[in-house]
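Down below is the structure, laid out as structure tokens.
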Amino acid sequence: RICLTGVIVLLFAVTVDGRVGDSSESSYCTETKECFLFDLVCAGKDYEVRFKIAVSPDEFPRTSRFSNRAKIDMTAPVIIKVNDSASMWQSSVYALSFLLPSNYQANPPKPTDPSVYFTDTPDMKVYVKSYGGYMMSVVARSQAQSLKTSLDNVQATYETEYYYNVGYNSPMKIMNRHNEAWYIVKGEPVCPKTE
């Protein structure tokens, strides 16, 4: 029997400036009307590089209550910022980001809770490793570590203090799940070898 002693605290954010569009443009974004869109820079066996990924590390609590009250449709993916140096057995604080649907991007609804706010984020490039199954901490961390190893092998430069776990599916979906690990590119990206 395994017992986890750490307490996990979730903090939330909504990104205003994410490029959100019709989920039919993505083969793995099948449960929401809208999904995060990106430009593929390059792809190989071990990872790919994407451009114009906008994520928000800013935090606020009670996003679900706000979303339910405002009746805002869910978008995909849910983006979770993870401290890369934290041990799996340590208590951690995770920042969750949700993308604002496209019809709210120009004029977001005003939150009634002062701790809820929206942020604009800059465009960026990210290294991405995709994987299936449930995004449990052990699996997600091993996939992020695998991506990190691939990046180190090609001497890529990237943000090393944190990474993102990215989930596209609801907990109810059992088969054909799609998750990703992301590291932010520093400088020019190193494209993977293609086979």
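Residue numbers (mature numbering (1 follows the signal peptide of the UniProt record, and there is no 0)): -18 to -1, 1 to 177.
Even for Gly, the Cβ is constructed at its ideal location relative to N, Cα and C.
It should be emphasised that the depicted structure is a prediction, and the values quoted were computed from it without experimental measurement.
Sub-7 Å separation of residue i and residue j beta-carbons
i	j	result
residue 168	residue 139	yes
residue 63	residue 146	yes
residue 78	residue 90	no
residue 55	residue 15	yes
Which of helix, strand or coil DSSP assigns to residue i
i	result
residue 133	helix
residue 58	strand
residue 120	helix
residue 166	strand
residue 84	helix
residue 142	coil
residue 112	strand
residue 77	strand
residue -12	Note that residue -12 scores 34 on pLDDT, short of 50, meaning its location in the model is unreliable; the coordinates nonetheless yield the value given after this. Coil.
Residues near residue i by beta carbon distance below 6 Å, same chain, minus five either side
i	result
residue 28	132 and 174
residue 24	31 and 173
residue 149	59, 60, 117 and 161
residue 26	174, 175 and 176
residue 65	144
residue 124	none
residue 136	172
residue 158	none
Cβ shell of residue i (< 7 Å), same chain only, five flanking positions each side left out
i	result
residue 155	13
residue 129	29, 109, 111, 163 and 165
residue 142	66
Unbroken beta strand (DSSP E) run spanning residue i, endpoints
i	result
residue 24	21 to 25
residue 32	30 to 33
residue 16	16 to 18
Close beta carbons around residue i, own chain, < 8 Å, minus the five adjacent residues each side
i	result
residue 21	32, 33 and 34
residue 126	64, 66, 111, 145, 147, 163 and 165
heavy atom of the ligand HEM below 6 Å from residue i C-beta
i	result
residue 25	Looking for the ligand HEM in the displayed structure turns up nothing, as the structure carries no ligands at all.
Worksheet item: Can at least three beta-carbon pairs, one atom from the segment 81 to 93 and one from the segment 110 to 124, be found at a separation below 8 Å?
Response: As far as the Cβ criterion goes, the segment 81 to 93 does not touch the segment 110 to 124, which means the pair count is below three.
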